[in-house]
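Here the sequence shown stands for residues -20 to -1, 1 to 308, where the numbers follow mature numbering (1 follows the signal peptide of the UniProt record, and there is no 0). The structure under discussion appears below in the form of structure tokens.
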Amino acid sequence: MSAKQRIVQGLGLATAGALALGLTACGGGEGGDDDGLTTIGFVAVGPEGAWREANEANIQDTFTEDAGYELKYAPATNLDQKSQIDAFTSFVDEGVDVILLSATEATGWEDSLKRAQEAEIPVILLDRGIEPDDTDLYVTRIAPDNIEVSTAVADWAVSAFPDGANYFVLEGPAGVSVVNERNEGFDAVVGGQPSLVKVGAQTANWSTEEAKGVVETVLKSNNNDVQFIFAQNDEMGLGAVQAVQEAGLTPGVDVKIATIDGTKNALTALAAGELSFVAEYNPLFGETTLEVVEQVLNGDDVESSIVVPSATFDSPEAAETALPDRKF
Ligand code: AHR
């Protein structure tokens, strides 16, 4: 029984308004195949790193046939937005019941989102936001709070460097919403600390190898006079560790490195003293997403932003405690 059939079946219980809303939320799409499964079009990022792998596996492991879903997984081709827009369009034309979108780019989604709206297919953003953030164009965004996460890194940095430091920022790819949000949260705190001096920022595209090369150059051009590196994800932070070591410096002593994500590799490096602070950006929100999809299809009101709780780790002991049960 498709989502729409479930809603019609509930007719005896639903008010007209709720039914109208429910049918709208159900997306009017004909996605509910005669096998009665609710069809989910997942416009995904695809291979990008440990965080993304954990996040997308969790979504796919949650929306199973046993749970009443047919999840159509559409990873981007080489992180290319056009491939995502093409997949999005196909899902609209196919009339899926709900679209999940993790956008490789923040901008350029208006037309696609309006098409889904016209087809009455609800869109839920996962992780990545859109810019401008027009909350009329999607039902909700489910993600940890990037401002909160990057503020935690900044607050740690202020406490870790009471006498100041020269610092460098390894950013994710330009044009990605979470990069802008992480810069915003971090700069709002550190910008008010004149003793924390920014020597530069550069994207390393979430890559360990690229980050290692960037940091090698930064250390050379600053005569190793850099005491802190903020890496906007774990892979880049681990690249910074390698560059610091190859410069003959000791990570955690000469140069402290803070990262975002909280993957096993980062917590292992924190336990070893190679990283100094790790702010989790929890990727495991498949259950939350399923609950929200059910609410949407039942015509319930849903908040425009749903924050996924995330922890922070500020010591080797904290990392050692967390590692045995780490799921990503
Ligand atoms: O959008 C989340 C970011 O994308 C993660 O922090 C990073 O590891 C991933 O590639």
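Glycine residues also receive a C-beta, built at the ideal position from the N, C-alpha and C atoms.
Glu267 to Leu199, Cα distance in whole Å? Computed Cα separation, rounded: 43 angstroms.
Would you be able to state if there are at least three C-beta pairs under 8 angstroms between the region 212 to 231 and the region 177 to 186? Contact check between the region 177 to 186 and the region 212 to 231: three or more CB pairs, one atom from each, fall below 8 angstroms, which counts as touching.
Distance between Ala134 and Lys236 (C-alpha atoms, nearest Å): Roughly 13 angstroms separates the two Cα atoms.
Comparing the CB of Asp305 with every heavy atom of the ligand AHR, is any distance shorter than 8 angstroms? Proximity of the beta carbon of Asp305 to the ligand AHR is not indicated: no heavy atom of the ligand is located closer than 8 angstroms.
Unbroken alpha helix (DSSP H) runs of length 4 or more, entirely within the region 68 to 125: which are they? Those alpha helix (DSSP H) runs which fall completely within the region 68 to 125 and span 4+ residues are 90 to 98.
Suppose only complete runs of 4+ residues qualify. What are the alpha helix (DSSP H) ranges in the region 218 to 300, listed by chain order? Inside the region 218 to 300, DSSP marks whole alpha helix (DSSP H) runs of 4 or more residues at positions 244 to 251, 266 to 277, from first to last along the chain.
Consider the C-beta atom of Ile209 and the heavy atoms of the ligand AHR; say whether any pair is separated by less than 8 angstroms. Taking the Cβ of Ile209 as the reference point, every heavy atom of the ligand AHR lies at 8 angstroms or farther away.
At a threshold of 8 angstroms, does Arg108 count as lining the ligand AHR (C-beta to nearest heavy atom)? Yes, Cβ of Arg108 sits closer than 8 angstroms to a heavy atom of the ligand AHR.
Note the first and the last residue of the continuous alpha helix (DSSP H) segment covering Gly19. Inspection of the sequence shows that residue 19 is occupied by Thr rather than by Gly. From DSSP, Thr19 is part of no alpha helix (DSSP H) but of the beta strand (DSSP E) over 18 to 24.
Between Glu10 and Thr131, what straight-line distance do the alpha-carbon atoms span, to the nearest angstrom? Confidence is the limiting factor: at Glu10 the pLDDT is only 44, short of 50, which leaves the residue's position unreliable, though a coordinate-based value still follows. So the alpha carbons of these two residues sit roughly 44 angstroms apart.
Measuring alpha carbon to alpha carbon, tell me which of Val119, Gly26, Ala137, Asn38 ends up nearest Asp280. Among Val119, Gly26, Ala137, Asn38, the Cα nearest to that of Asp280 belongs to Val119.
What span of residues does the alpha helix (DSSP H) with Lys192 cover, start to end? Start and end: 188 to 201.
Three or more C-beta pairs closer than 8 angstroms, one from the region 106 to 116 and one from the region 41 to 56: is that the case here? Judged by pairs of C-beta atoms under 8 angstroms, the region 106 to 116 does not touch the region 41 to 56, as fewer than three such pairs exist.
Please go through the same chain and pick out, in chain order, the residues whose beta-carbon is closer than 6 angstroms to the beta-carbon of Leu264, but skip the five residues on each side of it. If we look at Leu264 and ignore the five residues flanking it on each side, its Cβ neighbours are Asn38.
Within the present structure, is the beta-carbon of residue 365 separated from the nearest heavy atom of the ligand AHR by less than 8 angstroms? Outside the displayed span of the chain (-20 to 308) sits residue 365, for which this structure offers no information.
Apply the 10 Å Cβ neighbour rule to Glu161 and answer buried if 16 or more other Cβ atoms are within range, or exposed otherwise. So Glu161 counts as buried.
Can you tell me whether Asn160 is helix, strand or coil according to DSSP? In this structure, Asn160 counts as helix in the three-state DSSP scheme.
Is Lys62 helix, strand or coil by DSSP? In this structure, Lys62 counts as helix in the three-state DSSP scheme.
Nearest CA to the CA of Ser201: which residue from Phe148, Glu128, Phe43? Shortest Cα-Cα distance from Ser201 to any of Phe148, Glu128, Phe43 involves Phe148.
Give me the Cα-Cα distance between Gly180 and Pro142, rounded to the nearest whole angstrom. If you take the alpha carbons of Gly180 and Pro142, they lie about 20 angstroms apart.
Through-space distance from Asn204 to Val277, alpha-carbon basis: The sequence shown places Leu at residue 277, rather than the Val named in the question. Each residue's Cα considered, the two are about 56 angstroms apart.
So what's Glu151 in DSSP terms, helix, strand or just coil? In this structure, Glu151 counts as strand in the three-state DSSP scheme.
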